[in-house]
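Participant:
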Amino acid sequence: MGVHGLRHPNAAERVAEVGSDAYLRDEVAPCAAGLRAEGFDPRTFACPCSARSGTSDALLTEVSTRLRGCVSVPEGRELAGIDDFFVPVAELPERRILIGAGADNGAQHQPRGHSDAMLLGGLRRAVERGELSILIARAIADTHEHDCIAPARIEWLLTRAAELGLRCLGFDDLPEAGSLTAA
Numbered sequence: 003m004g005v006h007g008l009r010h011p012n013a014a015e016r017v018a019e020v021g022s023d024a025y026l027r028d029e030v031a032p033c034a035a036g037l038r039a040e041g042f043d044p045r046t047f048a049c050p051c052s053a054r055s056g057t058s059d060a061l062l063t064e065v066s067t068r069l070r071g072c073v074s075v076p077e078g079r080e081l082a083g084i085d086d087f088f089v090p091v092a093e094l095p096e097r098r099i100l101i102g103a104g105a106d107n108g109a110q111h112q113p114r115g116h117s118d119a120m121l122l123g124g125l126r127r128a129v130e131r132g133e134l135s136i137l138i139a140r141a142i143a144d145t146h147e148h149d150c151i152a153p154a155r156i157e158w159l160l161t162r163a164a165e166l167g168l169r170c171l172g173f174d175d176l177p178e179a180g181s182l183t184a185a
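For the sequence shown, this note's numbering begins at 3 and goes up steadily by one.
Pasting the structure below:
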């Protein structure tokens with residue numbers, strides 16, 4: 003379970019506006035405390051709105067084991083052709099910042115995100131090159147006012163990954179940076 007900020011402001015903008023100490027005090031600490039009160043051990047941070055900067059990255063990697071961001075695939079490009087979404091498995095132990103690709107279906111039945119074919123291409127690249135690929139989704143629902151992933155799409159992705167021999171892990175299941183030697 004990772005921290006995402008108490009009120010979900012853009013971390014890069016908010017750190018620039020109020021400073022590192024205020025951002026940690028107002029957004030990170032209360033969110034982490036709430037998760038701990040529910041029995042979770044938050045170790046990672048997922049950037050709200052996937053917004054990052056060098057300053058916010060430096061701050062948030064000081065207080066978390068890993069940072070997760072996301073970038074969009076530019077129009078006309080394929081997910082499998084963008085190196086930022088993939089990490090060679092041998093490099094995972096030292097990688098503190100991981101970039102995810104959106105697996106959401108969209109919001110209010112409006113398509114958004116990567117097609118099944120794009121996601122499958124990314125999974126195939128991960129297998130062929132011995133890489134890790136991070137897929138992110140926001141809410142599990144058939145429809146939602148915000149971006150969401152339908153349960154059927156999760157099942158489809160898990161089935162395709164299993165067929166390709168990929169292991170599926172949650173972000174918290176990844177070894178902490180520096181804690182594992184590549185096998």
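Ideal placement from N, C-alpha and C gives every residue a C-beta, glycine not left out.
(1) May I have a chain-ordered list of the alpha helix (DSSP H) segments no shorter than 4 residues that lie completely inside the stretch 55 to 116?
(2) Using C-beta distances below 7 Å, list every residue in its chain close to isoleucine 101, excluding the 5 sequence neighbours before and after it, in chain order.
(3) With distances taken between CB atoms, is the gap from aspartate 175 to aspartate 106 smaller than 8 Å?
(4) Determine the DSSP secondary structure at leucine 166, reduced to helix, strand or coil.
(5) Answer with buried or exposed for alanine 39, where buried requires no fewer than 16 other C-beta atoms within 10 angstroms of its C-beta.
(6) Please report the straight-line C-alpha distance between aspartate 28 and histidine 10, rounded to a whole angstrom.
(7) Skipping 5 residues on each side, what residues in its chain have a beta carbon closer than 8 Å to that of leucine 122?
(8) What first and last residue would you give for the alpha helix (DSSP H) that runs through alanine 14?
(9) In the DSSP output, which residue or residues are listed as bridge partners for phenylalanine 47?
(10) Have a look at the DSSP bridge pairing and note the partners of glutamate 133.
(11) Return the CA-CA distance between serine 22 and glycine 7, expressed in angstroms with no decimal places.
(12) Just to confirm the assignment, what range does the alpha helix (DSSP H) spanning proline 32 have?
(13) Spatial neighbours of aspartate 144 within its chain, please: CB distance less than 6 Å, with the 5 preceding and 5 following residues excluded, ordered by chain position.
Facilitator: Judging by the given coordinates:
(1) 56 to 65
(2) What you label residue 101 is simply residue 99 of the sequence shown in a count that begins at 1. Gly71, Cys72, Val73, Asp86, Phe87 and Ile136.
(3) Against the sequence shown, residue 175 aligns to sequence position 173. Against the sequence shown, residue 106 aligns to sequence position 104. Cβ distance not < 8 Å, so aspartate 175 and aspartate 106 don't count as in contact.
(4) Walking along the sequence shown from the start, residue 166 turns up at place 164. It is helical.
(5) Residue numbering aside, residue 39 sits at position 37 when the sequence shown is read from its first letter. Exposed, by the Cβ-count rule.
(6) For the purposes of this step, residue 28 is taken as residue 26 along the sequence shown, with counting starting at 1. For the purposes of this step, residue 10 is taken as residue 8 along the sequence shown, with counting starting at 1. Those two C-alpha atoms are separated by around 11 Å.
(7) Reading the sequence shown from its first residue, position 120 is the one you call residue 122. Contacts found: Arg162.
(8) Position 12 of the sequence shown, counting from 1, holds the residue named residue 14. Counting along the chain, the alpha helix (DSSP H) containing alanine 14 begins and ends at 13 to 20.
(9) In the sequence shown, the residue the question calls residue 47 occupies position 45. According to DSSP, which records beta bridges pairwise, phenylalanine 47 is partnered with Val5 and Leu69.
(10) By 1-based counting over the sequence shown, the position of residue 133 is 131. Pro90, per the DSSP bridge assignment.
(11) Looking up residue 22 in the sequence shown gives position 20. Looking up residue 7 in the sequence shown gives position 5. About 13 Å.
(12) Counting from one through the sequence shown, the residue named residue 32 turns up at place 30. Element bounds for proline 32: 31 to 39.
(13) One-based indexing of the sequence shown puts residue 144 at position 142. Same-chain partners within the cutoff: Ala152.
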